[in-house]
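If you read the sequences in order, they're chains A and B. Letter 278 of the first sequence, counting from 1, is numbered 277 in numbering that gives the first Met the number 0, and no numbers are missing. Letter 233 of the second sequence, counting from 1, is numbered 232 in numbering that gives the first Met the number 0, and no numbers are missing. Backbone N, C-alpha and C define an ideal beta-carbon position, used for all residues, glycine too. As the structure is a computational prediction, the values presented were derived from the model and not from experiment. These notes concern the structure reproduced below.
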Amino acid sequence: MTGLSRAGPFRRLQAALWRHRATQVLLLLSPPLGWFGVVYLGSLGILLLSAFWFLDPTTSAIVHTFSLQNFQLLASEEVYRTVAFRTAIVAVLVTLIDIAIAFPIAYYMARIASSRTRALLFVLVLLPLWASYLVKVYAWRVILAQGGLLDWLFGLFGVPGVSPGFSDLSMVIVFCYLWLPYMILPIAAGLERIPGSVLEASADLGGRGWMTFRRIVLPLVLPSVAAGSIFTFSLTLGDYITPKLVSKSQFIGNVVFDSQGVANNVPFAAAYAIVPILIMGLYLLGARRAGAFEAL
Amino acid sequence: MRTRSLFGAMAVIGLVSSACSSAATPSPAPTTPPAATASAPASASAAASPSASASPAGPSLPTSIGPGEGELDIIIWAGYAEDGTNQKAYDWVKPFEAATGCKVKTKEGNSSDEMVTLMRQGGGTVWDGVSASGDASNRLIANGDLAPINVDLIPDYKNIAPFLQSPPHNTVNGVHYGISHGWGGNSLMYRTDLFNPAPTSWASVFDPTLAAAYKGKITDYDSPIYIADAALYLKAHKPDLGITDPYELTQPQFDAAVQLLKDQQPFVGKYWVSYTDQIDNFTNGTTTIGTTWPYQVNTLQGQAPPVKVQQVVPSEGMTGWADTWMMSAHAKHPNCMYKWMAWMVTPAVQAQVAESFGESPANPQACDLLDKVGGVGPYALKDFCTAYHVTDKSYYDAIKFWKTPQADCGDSRGATCIDYSVWTQKWTEIKG
Chain A
0 MTGLSRAGPF
10 RRLQAALWRH
20 RATQVLLLLS
30 PPLGWFGVVY
40 LGSLGILLLS
50 AFWFLDPTTS
60 AIVHTFSLQN
70 FQLLASEEVY
80 RTVAFRTAIV
90 AVLVTLIDIA
100 IAFPIAYYMA
110 RIASSRTRAL
120 LFVLVLLPLW
130 ASYLVKVYAW
140 RVILAQGGLL
150 DWLFGLFGVP
160 GVSPGFSDLS
170 MVIVFCYLWL
180 PYMILPIAAG
190 LERIPGSVLE
200 ASADLGGRGW
210 MTFRRIVLPL
220 VLPSVAAGSI
230 FTFSLTLGDY
240 ITPKLVSKSQ
250 FIGNVVFDSQ
260 GVANNVPFAA
270 AYAIVPILIM
280 GLYLLGARRA
290 GAFEAL
Chain B
0 MRTRSLFGAM
10 AVIGLVSSAC
20 SSAATPSPAP
30 TTPPAATASA
40 PASASAAASP
50 SASASPAGPS
60 LPTSIGPGEG
70 ELDIIIWAGY
80 AEDGTNQKAY
90 DWVKPFEAAT
100 GCKVKTKEGN
110 SSDEMVTLMR
120 QGGGTVWDGV
130 SASGDASNRL
140 IANGDLAPIN
150 VDLIPDYKNI
160 APFLQSPPHN
170 TVNGVHYGIS
180 HGWGGNSLMY
190 RTDLFNPAPT
200 SWASVFDPTL
210 AAAYKGKITD
220 YDSPIYIADA
230 ALYLKAHKPD
240 LGITDPYELT
250 QPQFDAAVQL
260 LKDQQPFVGK
270 YWVSYTDQID
280 NFTNGTTTIG
290 TTWPYQVNTL
300 QGQAPPVKVQ
310 QVVPSEGMTG
320 WADTWMMSAH
330 AKHPNCMYKW
340 MAWMVTPAVQ
350 AQVAESFGES
360 PANPQACDLL
370 DKVGGVGPYA
380 LKDFCTAYHV
390 TDKSYYDAIK
400 FWKTPQADCG
410 DSRGATCIDY
420 SVWTQKWTEI
430 KG
């Protein structure tokens, strides 16, 4: 290494970093990890810390004294269990319905469509994601309202009063629509990865359509399905705008929003926000075991 | 393996360091030290009601309004700062901006709770002022969020109706914290083409036998303060509960009101939060009867084509709001805020506000403009001031204005009443 002893400071720094790889990695990653650690995890940490404070009833100001009263309230009142249960059930329902709808579309896109049709279908599937969330939800509100588009359509066939209006059914329909692209794409990617030779081999061994599907395709595509389900489950779990706009039901997010944004009861909202964090933590553990993180 | 433990270590360090350093910084409610003049109400807040002890007027009151700062940021109820966009005749923002050079930026609050939260943003520096109702104003005063106002700087203050010059919701211990704006009630709105005969009582929404006929079409105001409306209904229909003040309820009274609302919940189609939501719902008939502000009635009737709605003051009476313009203790544009407060109680502006929103103005001098033929705009009403009882103190006293429920009942019952934090929790329970 001639000339290194007379090298400039920059060269010496380069060399030092090359020798100490760990330091180099640390420096490269500290900005994004710093953002992640300080801004994201840090603010989450402060929020969760405030779950152990409480609100002064007279002034509506936060009292910074350790107290478990928020958690006591969560445990004692039935409505919070009901709301959390409802949120989780709707999230599971939306996930299952989306899997059922997305699978045929993804299968067609991945294995049957010609490359041009596939490209077109990809664009069509992605197109709704370019529209604003609120625009889509309000559009569905108009469609599903009593006297709205759905009523008109069924009215043409003489079937009256079909629209769900403000209800949990409307909410499920809207959620299924909103998150469908997030389910179609991972499944299509997963199905694409299945080599055609495997399916041919299965047919050679005497496997009919359903047998091949159940024994070969399904196990291979399950990680992708799990990956897509992470999106639909978590997005539904945390949503509060759609329930507010198309139903009168409360989700976890609505209780958090009403407690924090409206009543300024940040400690209670933080305490309740721990519930979806725990639910998602468990869900992600399950998804990890199903291999979702490799399929993403 | 080494890199993985490195990432883990960095994440933990980042998390711990930020939590430790920022634990002292509260979010978002600031622990602002109360101003000297607010110290009397602030210390009395521990007793949950301001005592009658004397307090100094304080050295922080300005003696004159300085030059405008060029900008004004205010939190308003919908319809309180019209600039001609909705109806050309109702515009008091643009003339204000032209006269004072203060560019007005507004934020609509959907409820008093939201307004309290907004006023405390950024330590009270984000918003200069707010049009607060009685259930927000006293909380803000008690927490020291507001600046005391020198009413001598407001020329039209002496013309305000006497019962609105120093009402308890904006004047505490003789210290003024705002200028009254106007008042009105939460009336019952209904679609005239769907209700025959017209409803005359809150029983149409609260009585299960009547409400069942309109299952899914009833609407309630989505705020815990609505429990007072249920209490008002029970005051008339269950007198043995002994409800006197719908905001100060003992446990059995409170439980009865909550139970009434829980029984009503299956029949409610929507709990409206935003006035635009209610306007949408009544326009397409999703909800057809429920509590409202006159602003929505005016807007619906003013649509092209007009929506067939009408409002009625039910026999049990109604809850209402008496609003005050109040200034933040840490306002960045205090001069513009003073100019706005002075502007808003001038007769011409009061007349426009009263007509466009459908409320009683604080300054009865506006009646000269309101009662003349044609009023000031398209929502003019013959004999406006008589219809809205502008100078009728007994009618004013009959409306149960929004105020923050406190544990201290304020009467012989002592400190046995339910405070607002329980109201908010129960409201979540009621909605299910």
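### Message
Using CA atoms only, rank isn't needed, just tell me which of Leu277(A), Leu25(A), Val82(A) and Arg18(A) is closest to Ile251(A).
### Response
Counting from one through the first sequence, the residue named residue 251(A) turns up at place 252. Closest option to Ile251(A), Cα to Cα, is Val82(A).
### Query
Using a C-beta cutoff of 8 Å, does Trp76(B) count as contacting chain A?
Position 77 of the second sequence, counted from the first residue, corresponds to residue 76(B). No - not a single Cβ of chain A is within 8 Å of the one on Trp76(B).
### Task
Check the C-beta distance from Leu193(B) over to Ala229(B) and give it rounded, since I have them as a contact under 8 Å.
Residue mapping note: residue 193(B) aligns to position 194 of the second sequence, counting from 1. Residue mapping note: residue 229(B) aligns to position 230 of the second sequence, counting from 1. Not quite, the Cβ-Cβ distance comes to about 24 Å (not below 8 Å), so this is no contact.
#### Entry: Euclidean distance between Cα positions of Ala272(A) and Leu234(A)
Along the first sequence, one-based indexing puts residue 272(A) at 273. Along the first sequence, one-based indexing puts residue 234(A) at 235. Straight-line Cα distance between these residues: approximately 14 Å.
### Check whether Val257(B) and Lys425(B) have beta carbons under 8 Å apart
Here residue 257(B) refers to the residue found at position 258 when the second sequence is read from its first residue. Here residue 425(B) refers to the residue found at position 426 when the second sequence is read from its first residue. Their beta carbons are under 8 Å apart, which means Val257(B) touches Lys425(B) by this criterion.
### Query
Considering only the beta carbon of each residue, do Cys416(B) and Leu248(B) sit closer than 8 Å?
Within the second sequence, numbered from 1, the residue matching residue 416(B) stands at position 417. Within the second sequence, numbered from 1, the residue matching residue 248(B) stands at position 249. Cβ distance < 8 Å, so Cys416(B) and Leu248(B) count as in contact.
### Query
Does the Cβ-Cβ distance between Ile74(B) and Val344(B) come in under 8 Å?
In the second sequence, counting from the first residue as 1, residue 74(B) sits at position 75. In the second sequence, counting from the first residue as 1, residue 344(B) sits at position 345. It is not a contact, given that the beta carbons lie outside the stated cut-off.
### Message
By the DSSP assignment, the beta strand (DSSP E) with Glu107(B) in it spans what residues?
### Response
The residue you call residue 107(B) lines up with position 108 of the second sequence. Run containing Glu107(B): Lys102 to Glu107, per the beta strand (DSSP E) assignment.
### Residues that Ser327(B) bridges to, as DSSP identifies them
Translated into positions along the second sequence, residue 327(B) becomes position 328. Paired residue(s): Leu145(B).
### Query
Distance, Cα to Cα, Trp129(A) vs Leu184(A)?
By 1-based counting over the first sequence, the position of residue 129(A) is 130. By 1-based counting over the first sequence, the position of residue 184(A) is 185. The straight-line gap from Cα to Cα measures roughly 15 Å.
#### Entry: Positions along the stretch 130-164 of chain A whose CB lies within less than 7 Å of some CB in chain B
Ala144, Gln145, Gly146 and Gly164
### Message
Nearest by alpha-carbon distance to Trp271(B): which of Lys93(B), Ile242(B), Ile217(B) and Asn283(B) is it?
### Response
Working through the second sequence from its first residue, we reach residue 271(B) at position 272. When each option's Cα is compared against that of Trp271(B), the closest is Ile217(B).
### Where the stretch 258-271 of chain B meets chain A: residues whose CB sits under 8 Å from a CB there
Val267, Gly268, Lys269 and Tyr270
### Task
Using three-state DSSP, classify Ala361(B) as helix, strand or coil.
As a first step, residue 361(B) is located in the second sequence; it is residue number 362 there, counting from the start. Ala361(B) falls in the coil class under three-state DSSP.
### Task
Give, in chain order, every residue of the stretch 285-306 of chain B whose Cβ lies closer than 7 Å to some Cβ of chain A.
Thr285
### Message
I need the DSSP call for Val216(A), collapsed to helix, strand or coil.
### Response
By 1-based counting over the first sequence, the position of residue 216(A) is 217. Looking at Val216(A) - three-state DSSP - the assignment turns out to be helix.
### Where Lys269(B) sits in the DSSP three-state scheme
Here residue 269(B) refers to the residue found at position 270 of the second sequence. In the structure shown, Lys269(B) sits in a strand (DSSP, three-state: E or B).
#### Entry: Under 8 Å (Cβ pairs) to chain A, residues found in the stretch 111-128 of chain B
Asp112, Glu113, Val115, Thr116 and Arg119
### Task
Compare the C-beta of Leu72(A) with all C-beta atoms of chain B and state if any pair is closer than 8 Å.
Position 73 of the first sequence, counted from the first residue, corresponds to residue 72(A). Cβ-Cβ to chain B under 8 Å: yes for Leu72(A).
### Message
Need the endpoints of the alpha helix (DSSP H) that Met340(B) sits in, please.
### Response
One-based indexing of the second sequence puts residue 340(B) at position 341. Counting along the chain, the alpha helix (DSSP H) containing Met340(B) begins and ends at Pro333 to Met343.
### Beta carbon of Arg85(A) nearer than 8 Å to that of Val245(A)
Residue 85(A) sits at position 86 when you count from the first residue of the first sequence. Residue 245(A) sits at position 246 when you count from the first residue of the first sequence. Contact: no.
### Query
DSSP three-state call for Trp320(B): helix, strand or coil?
If you number the second sequence from 1, residue 320(B) lands on position 321. If DSSP states are grouped into helix, strand and coil, Trp320(B) belongs with the strands.
### Query
Going straight from the alpha carbon of Leu5(B) to that of Pro31(A), what length do you get?
Within the second sequence, the letter at position 6 stands for residue 5(B). Within the first sequence, the letter at position 32 stands for residue 31(A). Note that Leu5(B) scores a pLDDT of 49, beneath 50, so its modelled location is shaky and nothing firm can be said.
#### Entry: Cβ neighbours of Thr285(B) in the same chain (closer than 8 Å, five flanking residues each side left out)
Here residue 285(B) refers to the residue found at position 286 of the second sequence. For Thr285(B), where only same-chain residues beyond five positions count, the Cβ hits under 8 Å are Lys216, Gly268, Lys269 and Asp279.
#### Entry: the stretch 221-237 of chain A in contact with the stretch 173-189 of chain A per 3-pair CB rule at 8 Å
yes
### Message
So if DSSP puts Gln309(B) in a beta bridge, which residue, or which two residues, is it bridged to?
### Response
Residue 309(B) sits at position 310 when you count from the first residue of the second sequence. DSSP, once it has assigned bridges, lists Tyr189(B) as partnering Gln309(B).
### Query
With C-beta atoms as the reference, is Thr323(B) less than 8 Å away from Asn185(B)?
As a position in the second sequence, residue 323(B) is number 324, starting the count at 1. As a position in the second sequence, residue 185(B) is number 186, starting the count at 1. The answer is no: Cβ separation not under 8 Å.
### Query
Across which residues does DSSP place Glu70(B) in a beta bridge pair?
Position 71 of the second sequence holds residue 70(B). Looking at the DSSP assignment, Glu70(B) forms a beta bridge with Lys102(B).
### Segment limits, beta strand (DSSP E) that includes Trp182(B)
Numbered from 1 along the second sequence, position 183 holds the residue referred to as residue 182(B). From DSSP, the beta strand (DSSP E) with Trp182(B) extends over Gly177 to Gly184.
### Task
Identify whether Thr423(B) lies in helix, strand or coil by the three-state DSSP scheme.
Position 424 of the second sequence, counted from the first residue, corresponds to residue 423(B). If DSSP states are grouped into helix, strand and coil, Thr423(B) belongs with the helices.
### Task
Could you work out which residues of chain B lie near Gln249(A), taking near to mean beta carbons separated by less than 8 Å?
Stepping through the first sequence from its first residue, residue 249(A) is reached at position 250. Chain B residues near Gln249(A): Thr427, Lys430 and Gly431.
### Query
Closer than 8 Å, CB to CB, is Thr81(A) near chain B or not?
If you number the first sequence from 1, residue 81(A) lands on position 82. Interface residue, yes.
### Task
Rounded to whole angstroms, what's the CA-CA distance from Glu76(A) to Glu81(B)? Just pull it up for me.
On the first sequence, residue 76(A) is found 77 positions in, with the first residue counted as 1. On the second sequence, residue 81(B) is found 82 positions in, with the first residue counted as 1. Cα to Cα, Glu76(A) sits roughly 43 Å from Glu81(B).
#### Entry: Which listed residue (Val129(B), Pro196(B) and Pro147(B)) has its alpha carbon closest to that of Ser59(B)
Here residue 59(B) refers to the residue found at position 60 of the second sequence. It is Pro147(B) whose Cα lies nearest to the Cα of Ser59(B).
### Message
Measuring alpha carbon to alpha carbon, tell me which residue in Leu26(A), Pro8(A) and Phe53(A) is nearest Val62(A).
### Response
Locating residue 62(A) in the first sequence gives position 63, counting from the first residue. Closest option to Val62(A), Cα to Cα, is Phe53(A).
### Message
Going by the DSSP bridge assignment, what does Val174(B) pair with across the sheet?
### Response
As a working mapping, residue 174(B) is identified with position 175 in the second sequence. Val174(B) pairs with Val171(B).
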